[in-house]
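Numbering (our numbering), first residue to last: -6 to 180. We treat Cβ as the ideally placed atom computed from N, Cα and C, and that holds for glycine.
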């Protein structure tokens, strides 16, 4: 169960508009510790096996916004230097973490990342039967059951999102384009 704390995305947004807030999941300490252990193993496994897209800079060791910017700028300058046409298209998914389909994510973990048996069952139990409520000051909403999404503010959420969208890189490259991703942003 997650307690959601709405946090204003940026200064200047309308505080009366629910879309101006990012839902941060506050999870139990035990849950965060367990997630941290699983995330370390998952990161180690996927990095050593070369399973994560090399063109994804978000939530990865030794990757940052700086490496993402340098890559995109380098691609554009290389195209221009060769006399090719260069255009930058930016895609930002709205509520990306909230729209992750659990069945598709579990299928991707199995087929693209080779996660099976007890490990896959653990991820299934982690994703299903999740509940949350919104807390604002002393007020609290009713508890609802989630049917999709990975928790924002969790330890595992970011790496699961990267794994969920990993095939996006090869899909874009099939159209002779040079993608680069940073979390839920695609260039």
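CB-CB under 6 Å to residue i, same chain, minus the five flanking residues each way: which ones, in chain order?
i: residue 15; result: 0 and 2
i: residue 89; result: 177
Whose CA, out of the options, lies closest to the CA of residue i?
i: residue 31; options: 116, 170, 158 and 20; result: 116
i: residue 160; options: 123, 149 and 173; result: 173
i: residue 79; options: 67, 136, 86 and 4; result: 67
i: residue 101; options: 11, 71 and 152; result: 152
i: residue 86; options: 163, 119, 9 and 154; result: 154
i: residue 17; options: 170, 169 and 150; result: 150
i: residue 37; options: 133, 22, 47 and 54; result: 54
What residue range does the alpha helix (DSSP H) around residue i cover?
i: residue 139; result: First-last for residue 139: undefined, no H or E at that position.
i: residue 70; result: 58 to 74
Would you mind reading off the limits of the beta strand (DSSP E) that contains residue i?
i: residue -2; result: -5 to 1
i: residue 129; result: 124 to 129
i: residue 144; result: No beta strand (DSSP E) contains residue 144, which DSSP labels as neither H nor E.
i: residue 15; result: 14 to 19
How many Å lie between residue i and residue j at the Cα?
i: residue 123; j: residue 130; result: 23 Å
i: residue 157; j: residue 94; result: 9 Å
i: residue 141; j: residue 28; result: 18 Å
i: residue 128; j: residue -3; result: 6 Å
i: residue 84; j: residue 107; result: 29 Å
i: residue 44; j: residue 26; result: 24 Å
i: residue 143; j: residue 113; result: 16 Å
Among the residues of its own chain, which have a CB less than 7 Å from the CB of residue i, if the five just before and after it don't count?
i: residue 109; result: 103
i: residue 61; result: 50, 173 and 175
i: residue 7; result: 13
i: residue 19; result: -5, -4, -2 and 146
i: residue 52; result: 151, 152, 155 and 176
i: residue 57; result: 50
At 4 residues or longer, and completely inside the stretch 82 to 123: list those alpha helix (DSSP H) runs for me, N to C.
-> 95 to 104 and 110 to 120
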